[in-house]
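Taking it in order: structure first as structure tokens, then the write-up.
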Amino acid sequence: MRTFRIFFNTIRSMSFKKIMRLFSLVLPHPIFSLLSFHATVQAFTIAQKKFPETASNNGIGNSFRHALWCCFIAMYCSKVSSPEKALDFCKRITDMHEELFPNKPLETKMDLHNNKFGMDYFKELLPGVHRQFFEKSFFIDGLEKKMKDAKVLKNLDDDFEGFLVYLNE
477 MRTFRIFFNT IRSMSFKKIM RLFSLVLPHP IFSLLSFHAT VQAFTIAQKK
527 FPETASNNGI GNSFRHALWC CFIAMYCSKV SSPEKALDFC KRITDMHEEL
577 FPNKPLETKM DLHNNKFGMD YFKELLPGVH RQFFEKSFFI DGLEKKMKDA
627 KVLKNLDDDF EGFLVYLNE
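Plus 476 on top of the position in the sequence shown (first one is 1) and you've got our numbering.
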């Protein structure tokens, strides 16, 4: 119930223009949209349980949440379509999220970087596992291991390709 309250309050706080922009992406892709919403709830819930102090701010839990979110969207959507279409939708929906709910530039860079990291991690695992057999635990366990090498993003020029990033607050 808390999740739906958050979702409702988020939509209610958006301008009409932002709502129309969101609808322009989700209405043509209703199955992907529902699966993405499910992925969002799952990633948020798991991140909150594993990293209650940093999942909702700019700490390492947030980097985990964003990467996991993209892995889940790609995983769920690729079960009903091709991985390429799933990844394309994932990028479009997560980039739109950053546009509709803007942050400070460094926070946006961190979020976009971790979103890309999650999509890249999905692509990395794809050749070894048939897309129908992906499970959430593949991503959770793998991302937790990759968090050990996460880097602190300090300025907009930092480039930590291949690593999760977070802000040291």
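Glycine included, C-beta positions come from ideal geometry on N, C-alpha and C. Computed from a predicted model, the values in this text were never measured in an experiment.
Residues bridged to residue i (per DSSP)
{"i": "V641", "result": "K627"}
Cβ neighbours of residue i in the same chain (closer than 8 Å, five flanking residues each side left out)
{"i": "N534", "result": "E583, M586, Y642, L643 and E645"}
{"i": "A531", "result": "F520, A523, Q524, G537, N538, F540 and R541"}
{"i": "V605", "result": "F614"}
{"i": "F636", "result": "H589, K627 and L629"}
CB contact flag (residue i, residue j, <8 Å)
{"i": "I569", "j": "S491", "result": "no"}
{"i": "F639", "j": "A626", "result": "yes"}
{"i": "I495", "j": "I507", "result": "no"}
{"i": "L498", "j": "L619", "result": "no"}
{"i": "G594", "j": "L629", "result": "no"}
{"i": "R607", "j": "P559", "result": "yes"}
{"i": "P581", "j": "L632", "result": "yes"}
Same chain only: Cβ atoms within 6 Å of residue i, ignoring 5 sequence neighbours per side
{"i": "H471", "result": "Summary: the structure shown does not reach residue 471, with the chain confined to residues 477 through 645, and so no result is reported for it."}
{"i": "S509", "result": "V502"}
{"i": "F548", "result": "A515, Q518 and A519"}
{"i": "F459", "result": "Residue coverage of the chain in this structure runs from 477 to 645, which leaves residue 459 outside it and unanswerable."}
Cβ shell of residue i (< 7 Å), same chain only, five flanking positions each side left out
{"i": "K622", "result": "L640"}
Can we say the segment 560-568 touches the segment 610-630, given the rule of at least three CB pairs closer than 8 Å? The segment 560-568 is not in contact with the segment 610-630.
Should the segment 518-534 be regarded as contacting the segment 543-559, the criterion being three or more beta carbon pairs within less than 8 Å? Counting Cβ pairs under 8 Å, three or more are found: they touch.
Scan the segment 519-572 and note each continuous alpha helix (DSSP H) run of 4 residues or more that stays entirely inside, going in chain order. Listed in chain order, the alpha helix (DSSP H) runs fully inside the segment 519-572 are 536-554, counting runs of at least 4 residues.
Whole alpha helix (DSSP H) runs in the segment 572-620 with 4 or more residues, listed along the chain? 581-601, all fully within the segment 572-620.
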